[in-house]
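These notes concern the structure reproduced below.
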Amino acid sequence: MIEVMGQRQQELLRLLLRTKSGMTVDELSRKLEVTRNAVRQHLASLENDGLIEPGISRPSGGRPEQLYVLSDKGMEIFPRQYSWFAELVIDSIRDEAGEGELNERLGRMGERIADKLLAQNAEESDPQKKVEKLAEIMQQMGYNTGGASVVDGQPVIEADNCVFHNLAMKNPDICRFDLAMMSKFTGSKIDHQECMALGGNVCRFKFSKPSKKKSGKS
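Add 1389 to the 1-based position in the sequence shown for the numbering used here, that's all there is to it.
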């Protein structure tokens, strides 16, 4: 993500990455060789995007100096490679417990994340609203959904970016995590109609009411 920003903002963020304690407007101005007003404009824009935040005020000879630091969101825009570790974990579970147990664990993990998301968001009773909220959350997580739509009377989410893409290309079982998370969050049955890990252009998920279980007579 950082590559799509202007050069000055990239340089500013990298300076803050290297200086975890934070930097003042004057320090950034000297390092970037731009005016203090220019630095303030960049800081205002980056703070508005949630990438930086005010840190502590540092005592000085006169008025305390305000430090600026990277936010957690700002830290995450720098490249990080987790896929090799996740692949190692997936392979280890499969080798030790088998394919069935791997799918069970991925499903439980997805449901656990759904429980946390449900606790953080206002409960929706309307099925379409539930899917729309899920699409919004997935967008924030990086799936690039563009929101939810309705096809043949059923809610549909299409994602053209999978946050597990490299891992899923080698281990399609990872999709079990997504499916369990979506199902638990919306209380729906999920039809995974298209998958990028299997050659699709997008990942398409269709949501429908779960079939009612028949109760036996006692």
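Ideal Cβ positions, reconstructed from N, Cα and C, are used throughout, including at glycine.
Residue i versus the options, residue with shortest Cα-Cα distance
i: T1534; options: D1549, V1540, V1520 and G1489; result: D1549
i: T1408; options: G1463, R1425 and V1458; result: V1458
i: P1468; options: K1573, R1403 and Q1543; result: R1403
i: P1599; options: G1496, V1540 and D1580; result: D1580
i: A1586; options: F1566, S1572, C1551 and L1568; result: C1551
i: T1575; options: K1505, V1478 and E1513; result: E1513
i: L1491; options: E1583, R1483 and L1435; result: R1483
i: R1452; options: T1413, L1432 and N1555; result: T1413
i: V1562; options: E1547, G1487, G1444 and K1573; result: Looking at the sequence provided, one finds Asp at residue 1562 rather than Val. The shortest C-alpha separation from D1562 is found at G1487.
i: M1558; options: S1597, I1479 and F1594; result: I1479
i: Q1399; options: H1431, G1411 and R1425; result: H1431
i: K1595; options: A1537, P1443 and Q1509; result: A1537
i: E1493; options: S1481, R1565 and I1502; result: R1565
i: L1506; options: L1495, G1496, L1523 and S1434; result: L1523
i: S1597; options: N1555, I1546 and L1556; result: I1546
C-alpha distance - residue i paired with residue j, whole-angstrom precision
i: E1500; j: L1401; result: 39 Å
i: K1578; j: Q1517; result: 13 Å
i: E1422; j: E1525; result: 40 Å
i: K1476; j: D1461; result: Here residue 1476 is Glu; the residue named in the question, Lys, does not match the sequence. Rounded to the nearest angstrom, the two C-alpha atoms are 25 Å apart.
i: E1521; j: G1589; result: 23 Å
i: I1441; j: G1489; result: 44 Å
i: R1593; j: A1511; result: 25 Å
i: Q1396; j: L1405; result: 14 Å
i: V1591; j: P1448; result: 53 Å
i: C1584; j: P1443; result: 42 Å
i: V1540; j: Q1528; result: 20 Å
i: S1572; j: E1465; result: 27 Å
i: D1438; j: Q1470; result: 23 Å
i: T1424; j: G1463; result: 23 Å
Reduced DSSP category for residue i - H, G, I as helix; E, B as strand; rest coil
i: G1411; result: coil
i: S1460; result: coil
i: S1449; result: coil
i: R1469; result: coil
i: G1598; result: It is worth fixing the name first, because residue 1598 is Lys in this sequence and not Gly. DSSP places K1598 in coil when its eight states are reduced to three.
i: A1511; result: coil
i: S1577; result: coil
i: L1405; result: helix
i: S1607; result: Residue confidence is low: S1607 scores 41 on pLDDT, short of 50, so the model does not pin down where it sits. Its coordinate-derived value is still stated next. Residue state, collapsed to three classes: coil.
Those residues which DSSP pairs with residue i across a bridge
i: R1593; result: E1547 and E1583
i: Q1455; result: S1446
i: A1427; result: Partner(s): none; A1427 has no beta bridge.
i: S1434; result: BP columns for S1434 are empty, so no partner.
i: V1552; result: Its beta-bridge partners do not exist; DSSP assigns none.
i: I1441; result: L1459
Heavy atom of the ligand MG within 7 Å of residue i beta-carbon
i: V1520; result: Annotation note on the ligand MG: not contained in the displayed structure, which lists no ligands.
Complete alpha helix (DSSP H) runs within the stretch 1477-1526 (minimum length 4 residues, chain order)
Uninterrupted alpha helix (DSSP H) stretches at least 4 residues long and entirely within the stretch 1477-1526 occur at 1488-1509, given in chain order.
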